[in-house]
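This note's numbering applies: residue 1 is where the sequence shown begins, and numbers increase by one.
Glycine is no exception: its CB is placed at the ideal position from the N, C-alpha and C atoms.
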Amino acid sequence: MSYKAQLDPKRIPTHVAIIMDGNGRWATARGWDRSVGHQKGVETVRRITTAASDLGVKYLTLYTFSTENWNRPPEEVAALMSLIFTSLEEDLFMRNNVRLRIIGDLKRLPVDVRTSLENLMAHTAQNSGMTLVLALSYSARWEITEAVRTIAVSAAKGEVVLNDITEQTITEALTTSFMPDPDLLIRTGGELRLSNYLLWQCAYSELYFCDTFWPDFDEEAFYAAIQDYQSRERRFGKTSWQIEQTTEK
Ligand code: IPE
Ligand code: IPE
Ligand code: MG
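What follows is the structure in structure tokens.
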């Protein structure tokens with residue numbers, strides 16, 4: 001039986017964040033160029049976007065290119081940029097009523113990639129289903145540094161008083177201020193690390209790691225991750241007994 005039928009429709013995570021890892025190793029294991037793995041990875045993006053939207057996930061945030069990935073060989077960076085440019089099909093968004101948002105340092109992207117992303121964001125802005133968020137030229141430390149700068153400027157102008165700076169102030173200064181924190185963070189490809197992804201936002205996310213390389217990650221693998229998530233008890237520092245009291249009401 002498909003994992004999908006076993007899912008509790010009332011406990012679908014609102015926000016799923018994914019570290020899409022393993023494209024290069026998937027291709028290398030087949031004797032192919034790493035870029036073939038990235039091309040194959042785009043097909044997985046399409047499949048998982050559709051599956052998440054069908055399940056009722058509200059936000060899907062995909063780690064697409066990290067700040068640190070700029071340090072890869074120039075040919076690989078160029079191949080990834082051109083892939084982002086060519087694979088942004090409006091059809092996927094319109095068919096699924098999905099809105100596109102980008103988080104990251106867009107200034108560093110090639111102008112053509114940036115322009116087409118901005119156009120697609122504008123074209124899909126009215127879609128009312130899931131929001132697909134691509135983290136592009138993104139790292140959590142970059143994001144937090146930018147937020148600190150923004151808050152410091154407001155403080156210097158006297159718009160913000162020191163004692164008024166709360167966790168909420170920081171949350172609102174981050175690029176992710178338009179959405180709730182991830183409920184579930186999935187990393188494919190076998191590595192057990194966060195690689196500078198959503199460090200502030202994942203403070204209480206459920207973490208799910210699997211060995212499957214991203215090009216092989218299919219709908220069933222996605223449902224399995226959600227089923228695992230649904231088996232967890234999210235306590236947020238409280239005791240099991242306290243959680244039971246609030247859910248019984
Ligand atoms: C993830 O796959 C995609 C990006 C980081 C852009 P990798 O390219 O990191 O693949 P591996 O981890 O080397 O197999
Ligand atoms: C994380 O994967 C970044 C993306 C998936 C875009 P990496 O492959 O870059 O991470 P590390 O270097 O193995 O930590
Ligand atoms: Mg990797």
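Distances from the CA of residue 133 to each of 142, 120 and 144 were compared; the closest alpha carbon is that of 120.
Burial is judged here by how many other beta carbons sit within 10 angstroms of a residue's own beta carbon; residue 240 has fewer than 16 and is exposed.
Judged by DSSP in its simplified three-state form, residue 153 adopts helix. Distances from the alpha-carbon of residue 215 to those of 4, 34 and 157 put 34 closest.
Inter-residue distance for residue 162 and residue 42 is about 45 Å (C-alpha atoms, whole angstroms). Contiguous beta strand (DSSP E) elements confined to the segment 107 to 154 occur at 131 to 138, taking only those with 3 or more residues. For residue 93, there is no enclosing beta strand (DSSP E); the enclosing alpha helix (DSSP H) has its first and last residue at 90 to 96.
Relative to ligand 3, residue 181 has its C-beta separated by 6 Å or more from all heavy atoms. Counting along the chain, the unbroken beta strand (DSSP E) around residue 99 starts and ends at 99 to 103. By the Cβ neighbour-count rule, residue 21 is buried, with 16 or more other Cβ atoms within 10 Å of its own. Here residue 68 carries a helix assignment [DSSP, helix/strand/coil]. Per DSSP, residue 55 is not a residue of any beta strand (DSSP E); the alpha helix (DSSP H) it occupies stretches across 34 to 55. Distance between residue 136 and residue 64, taken at the CA atoms: about 6 Å. When the Cα atoms are used, residue 53 and residue 157 turn out to be separated by approximately 43 Å. In this structure, the straight-line span from the alpha carbon of residue 228 to that of residue 154 is close to 43 Å. In this structure, residue 48 has its CB at a distance of at least 6 Å from all heavy atoms of ligand 2. About 6 Å separates the Cβ atoms of residue 141 and residue 196, confirming a contact at the 8 Å cut-off.
Annotation: the continuous alpha helix (DSSP H) that includes residue 172 extends over 167 to 173. Setting aside the 5 residues that flank it on each side, residue 80 is surrounded in the same chain by 38 and 65, each with a C-beta closer than 7 Å to its C-beta; the list follows chain order.
If you draw a straight line from the Cα of residue 244 to the Cα of residue 192, it comes to about 31 Å. Taking the Cβ atoms as the reference, residue 210 lies roughly 12 Å from residue 185, outside the contact range of under 8 Å. In the same chain as residue 222, and ignoring 5 residues on each side of it, the C-beta atoms closer than 6 Å to its own belong to 48 and 51, in chain order. Counting only the Cα atoms, residue 59 lies some 16 Å from residue 225. Residue 127 and residue 101 have their C-alpha atoms some 12 Å from each other.
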